[in-house]
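Number of protein chains: 2
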Amino acid sequence: MAVPDPATLDSVAAHAGVSRQTVSNVLRHPDRVAAGTRERVLTAIRETRYRPSLPARQLATRRAHAIAVRAERTQDGISGLVLDAFYHGLAEAGQDNGLRVLLYAQPADEAAEVALIDELVHTGAADAVVLTATSAADERPAHLRESGTTFCAFGRPWGHDDEPHDWVDVDGAVGTGLAVRHLLDRGHRRIAYLGWPEDGADPSTGTDRRRGWLEAVGAASLDGPPVEARSLNQAAAAEVAVAALLARADAPDAIVCASDTLALGAHRAALAAARSARPATVVGFDATPVAAALGLASVAQPIDQAAHLCIDLLTGRFEAPDRPAQGLLVAPVLHLPS
Amino acid sequence: MAVPDPATLDSVAAHAGVSRQTVSNVLRHPDRVAAGTRERVLTAIRETRYRPSLPARQLATRRAHAIAVRAERTQDGISGLVLDAFYHGLAEAGQDNGLRVLLYAQPADEAAEVALIDELVHTGAADAVVLTATSAADERPAHLRESGTTFCAFGRPWGHDDEPHDWVDVDGAVGTGLAVRHLLDRGHRRIAYLGWPEDGADPSTGTDRRRGWLEAVGAASLDGPPVEARSLNQAAAAEVAVAALLARADAPDAIVCASDTLALGAHRAALAAARSARPATVVGFDATPVAAALGLASVAQPIDQAAHLCIDLLTGRFEAPDRPAQGLLVAPVLHLPS
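From first to last, the protein sequence lines are chains F and L. Note that UniProt numbering numbers the first sequence so that position 314 is 314, with each residue one more than the last. Note that UniProt numbering numbers the second sequence so that position 276 is 276, with each residue one more than the last.
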């Protein structure tokens, strides 16, 4: 594109017939400017091809006014909705707080990711990062704290409570507890759990969801010990695992699942095992359209709320860099089939 | 955060023991710098807390070195994978070309979206936008051309070929044609189509996918006219529509679907109608884990390729603003169940 003579704040103001401060307000605090005036200033900005406001503001404030978040390389399409909703929530809450949201492509490993984040932050492209998919073995938080990078994790510091940082997470145990109580209310008495292979070992999303089931089932003092199965997060594998569960003498009459992907497999196994009898009731996790399509209850994560809280923690951190680390757990709800 | 004395390109260079040009290269063309040197410079950048490089470069080049793309407000969780893959592809291809990818939250309507894009571009936050979810009634392309905003659409200018702009799209007709030929090869002779309510009216993704089925079925000169049904993109509605189709005297023995969401409903109707006989074969669209879980063939869009081509068109446009508009159609492939 040809580069015309650069417009200035003053030439835009003259063009729009407003003060220089009004132009500045439109760029920095558009919510403080009446819609009509804002529209006139934006038109003047366009017509004068005024451009450098954001970079100039970045230089003046020494802030990028942007945060970075990872675009996942591959993903479970059934629960993909969760991350999409998280992106939208971040973008929306970010816009409300004058923060852009930058996507970076998931690097090959955690070391490469930390290096990329450092580059984004220390070259002024972003002020902070929202870490997703945290785990007990996650090395990113320690590295980011070491390099002085501002971040908020979507996910708890599983097993690393001695290395505090800001985080937001969904209380999975509350979710599976809701699922169990829903099933008890409907008369189920043998409520099994279908989790992931790693559940029950290191602290993780999986152990948390399993714990909610175990505690709720224990509190109900049902007959017989709790029954459970484990499966990779694939519907076909889940179907095999649940078929085995349903072939046992103490077969469950309901199954709480760690994900809707598992629930899809469990539902298919339940239908196949039932023949003419009433199939076991399956409850999923993530309240995706798949669960809705199958007529299954499913635990819904308040993803939009979690995204907004991540932005709240980051903006609070920008204002008070030395305040203690905060962790926020938000409670899910149970979506019933319509 | 406390603001230390600002580091300069020279102080970073001295700290790293390299030339000022090498530091500049790390920031502008990291691919031209050996990994070891790059690492040393990034460490020096971090240790000296050098920050303003990106904003300074933006001011110097009068470019944001960023593109914007919309974060969808809500979405079909079954095909959500497609947009996630698109985001990842944009972020990856963008990084390869020195372009950041900014997310903006989907505004209330197209007018608000165009205003937001204008603001992003004309305040220097982004150089261009990738438009998603284009349609025949879409007013965004005309508005963006009018305001001189650089953009590339992921999706054809349905019915607006007289208003040319850069776009990339997936050839849906090729995809459904592949599905029909796969079914013919497997001996099917009554291959129906399950599309969306709007298919067959205005040019759209739906009419394109339907056309591929119709042409391939017509070319096979089968007995009897082609049979089809329409449904909202919801599995439950699809199940009802396909149940009616399968109750007809000329019931199909195979169904090509416009989406995996429709395929999920079609598959359930086929299983319910079949009882002891062989159920109708269902082919989906988008090759999601749902189709894989159900053992269905499904058309896979080359989303990563499409994202990379969008970035290619935009970088080409930055270099040659007056070159003619380009449209690129990429061909999908058929994923068979394993």
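Even glycine gets a Cβ: it sits at the ideal position worked out from N, Cα and C.
For residue i and residue j, I'd like the C-alpha separation in whole angstroms.
i      : j      : result
P279/F : I191/F : 13 Å
L264/L : G295/F : 13 Å
A216/L : R230/L : 19 Å
V330/F : H182/L : 48 Å
T150/L : A266/F : 49 Å
P52/F  : V170/L : Residue confidence is low: P52/F scores 47 on pLDDT, short of 50, so the model does not pin down where it sits. No coordinate-derived value is stated.
G98/F  : A64/F  : 10 Å
Y104/F : G175/F : 31 Å
R40/L  : V12/F  : 43 Å
R109/L : L116/L : Looking at the sequence shown, residue 109/L is not Arg but Asp. In a straight line, the C-alpha of D109/L is about 11 Å away from that of L116/L.
L336/F : A300/F : 10 Å
E72/L  : V18/L  : 45 Å
T22/L  : V33/L  : 8 Å
L239/F : L222/L : Going by the sequence as given, residue 239/F is Glu instead of Leu. Spanning the two alpha carbons is a distance of roughly 38 Å.
M1/L   : G148/F : Any reading at M1/L must be qualified, since the residue scores a pLDDT of 40, below 50, and its modelled position is unreliable; the value itself is stated next. Whole-angstrom Cα-Cα distance: 10 Å.
S259/L : L271/L : 18 Å
R140/L : D84/F  : 22 Å
R209/L : E198/L : 12 Å
G36/F  : T123/L : 18 Å
T261/L : A14/L  : 59 Å
I311/F : Q106/F : 21 Å
Q95/F  : L102/L : 11 Å
G316/L : V283/L : 37 Å
N25/F  : E119/L : 13 Å
V168/L : L144/L : 17 Å
A269/F : A243/F : 5 Å
L90/L  : A273/L : 43 Å
A16/F  : D138/L : 30 Å
A285/F : A126/F : The residue asked about is misnamed: residue 285/F is Phe in this sequence, not Ala. Their backbone Cα atoms lie some 33 Å apart in a straight line.
A68/L  : V121/L : 9 Å
G212/F : A220/F : 13 Å
G200/L : L214/L : 11 Å
A236/L : S338/L : 26 Å
R46/F  : L309/F : 34 Å
P332/F : P302/L : 35 Å
T43/L  : A306/F : 33 Å
S135/L : G159/L : 9 Å
D185/L : H165/L : 39 Å
Who pairs with residue i in a beta bridge, going by DSSP?
i      : result
E119/F : DSSP, once it has assigned bridges, lists no residue as partnering E119/F.
A281/L : The question names Ala, but residue 281/L in the sequence shown is Thr. T281/L is bridged to A254/L.
I45/L  : BP columns for I45/L are empty, so no partner.
Y104/F : R70/F
V130/F : V69/F and C152/F
H335/L : S298/L
L328/L : V168/L
G124/L : None; G124/L has no bridge partner.
L194/F : A229/F and C257/F
Is residue i close to chain A? Criterion is C-beta to C-beta, closer than 8 Å.
i     : result
R46/F : Looking at the structure shown, chain A is missing, and the protein chains on hand are F and L.
Given the structure, does residue i come close to the ligand ADP, in the sense that its CB is under 7 Å from one of the ligand's heavy atoms?
i      : result
A153/F : By its list of ligands, the structure shown contains no ligand whatsoever, and the ligand ADP lies outside what it can speak to.
Next on the checklist: What ranges does the beta strand (DSSP E) occupy inside the segment 147 to 192 of chain F, keeping only unbroken runs of at least 3 residues that lie completely in it?
Outcome noted: 150 to 154 and 166 to 170
Checklist entry - Are three or more beta carbon pairs between the segment 112 to 132 of chain L and the segment 277 to 293 of chain L nearer than 8 Å? => result no
Checklist entry - Is it a yes or a no for the segment 5 to 18 of chain L touching the segment 312 to 329 of chain F, going by three-plus beta-carbon pairs under 8 Å? => result no
Checklist entry - Just checking, does the segment 154 to 163 of chain F make contact with the segment 201 to 211 of chain F on the three C-beta pairs under 8 Å criterion? => result yes
Checklist entry - Got a sec: which bits of the segment 108 to 125 of chain L sit with their beta carbon under 8 Å from any beta carbon on chain F, in order along the chain? => result A115, D118, E119, H122, T123, G124 and A125
Checklist entry - Using 8 Å as the Cβ pair cut-off and three pairs as the minimum, do the segment 185 to 199 of chain F and the segment 242 to 256 of chain F touch? => result yes
Checklist entry - Within the chosen definition, does the segment 237 to 253 of chain L reach the segment 221 to 229 of chain L through at least 3 CB pairs nearer than 8 Å? => result yes
Item to check | Length at least 3, wholly inside the segment 202 to 247 of chain F: the beta strand (DSSP E) runs in chain order | outcome: 228 to 230
Next on the checklist: Short of 8 Å Cβ to Cβ, which residues in the segment 297 to 312 of chain L face chain F?
Outcome noted: none
Item to check | Selection of the segment 141 to 157 of chain L by Cβ proximity to chain F, strictly under 7 Å | outcome: S147
Next on the checklist: Give me the subset of the segment 316 to 328 of chain F whose CB atoms are less than 7 Å from a CB atom of chain L, sorted by chain position.
Outcome noted: P321
Next on the checklist: Using a Cβ-Cβ cutoff of 7 Å, what residues of the segment 275 to 299 of chain F are near chain L? List them in chain order.
Outcome noted: T288, P289, V290 and A293
Item to check | Interfacial residues, the segment 95 to 109 of chain L to chain F, with Cβ spacing under 8 Å | outcome: Q95, R100, V101, L102, L103, Y104, A105 and Q106
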